[in-house]
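A.B. asks: Have a look at this one.
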Amino acid sequence: MAAGLHYVAFNITASTLYLVAVGLLYGITGTLNMAEMGHRIATLAPADLGLVKAGGLLLLIVFCAKAALLPLNFWLPGTYSRASAPIAA
19 MAAGLHYVAF
29 NITASTLYLV
39 AVGLLYGITG
49 TLNMAEMGHR
59 IATLAPADLG
69 LVKAGGLLLL
79 IVFCAKAALL
89 PLNFWLPGTY
99 SRASAPIAA
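Heads up, the sequence shown is in my numbering, so the first residue is 19 and it goes up one at a time.
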């Protein structure tokens, strides 16, 4: 039970960071379309590039956490070792 709660808490935190990153990028560029966002980032003022980099870094952290890539894989072993086979599959 504790491993499941650990999993839920970690993934809720990661999902919150994802929403913050997407909101940050949307606030700067005004679009969620990736092609359009790329064009708008290319024409941004230099003062806004730091925020774009922060949003990109947050997305990288979130995706690494959700995929359990090192060093953000600490939640994976305990969660999957305690789950039954049909649930872990």
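For glycine and all other residues, C-beta sits at the position ideal for the given N, C-alpha and C. Values in this document were obtained by computation on a predicted structure and should not be read as measured data.
Compute the Euclidean distance between the alpha carbons of Leu88 and Ala60, then round it to the nearest angstrom.
C.D. replies: By one-based count along the sequence shown, residue 88 stands at place 70. By one-based count along the sequence shown, residue 60 stands at place 42. For Leu88 and Ala60, the distance between alpha carbons rounds to 31 Å.
A.B. asks: Counting beta carbon pairs with one atom in the stretch 70–78 and one in the stretch 33–41, are three or more of them shorter than 8 Å?
C.D. replies: Judged by Cβ distances under 8 Å, the stretch 33–41 makes contact with the stretch 70–78, as three or more pairs qualify.
A.B. asks: Rounded to whole angstroms, what's the CA-CA distance from Ala20 to Ala86? Just pull it up for me.
C.D. replies: On the sequence shown, residue 20 is found 2 positions in, with the first residue counted as 1. On the sequence shown, residue 86 is found 68 positions in, with the first residue counted as 1. When rounded, the distance between both Cα atoms is 18 Å.
A.B. asks: When the Cα atoms are used, what is the spatial distance from Met52 to Ala63?
C.D. replies: Within the sequence shown, the letter at position 34 stands for residue 52. Within the sequence shown, the letter at position 45 stands for residue 63. Cα to Cα, the separation comes out at about 19 Å.
A.B. asks: Is it right to say Val26 is buried, meaning 16 or more other beta carbons lie within 10 angstroms of its own, or is it exposed?
C.D. replies: Within the sequence shown, the letter at position 8 stands for residue 26. The residue in question, Val26, is exposed, as its Cβ has fewer than 16 Cβ neighbours within 10 Å.
A.B. asks: Once DSSP output is grouped into helix, strand and coil, what is the label at Ser99?
C.D. replies: Your numbering for residue 99 matches position 81 in the sequence shown. Note: Ser99 maps to helix in three-state DSSP.
A.B. asks: What separation, rounded to the nearest whole angstrom, lies between the Cα atoms of Tyr98 and Pro104?
C.D. replies: Locating residue 98 in the sequence shown gives position 80, counting from the first residue. Locating residue 104 in the sequence shown gives position 86, counting from the first residue. The alpha-carbon atoms of Tyr98 and Pro104 are separated by roughly 11 Å.
A.B. asks: Buried or exposed: which applies to Thr47, given that a residue is buried once 16 or more other Cβ atoms fall within 10 Å of its Cβ?
C.D. replies: Working through the sequence shown from its first residue, we reach residue 47 at position 29. Its Cβ being crowded by 16 or more others within 10 Å, Thr47 is buried.
A.B. asks: Buried or exposed for Leu43, please, with buried defined as at least 16 other CB atoms from any protein chain shown within 10 angstroms of its CB.
C.D. replies: Sequence index remark: in the sequence shown, residue 43 carries index 25 (1-based). It counts as buried.
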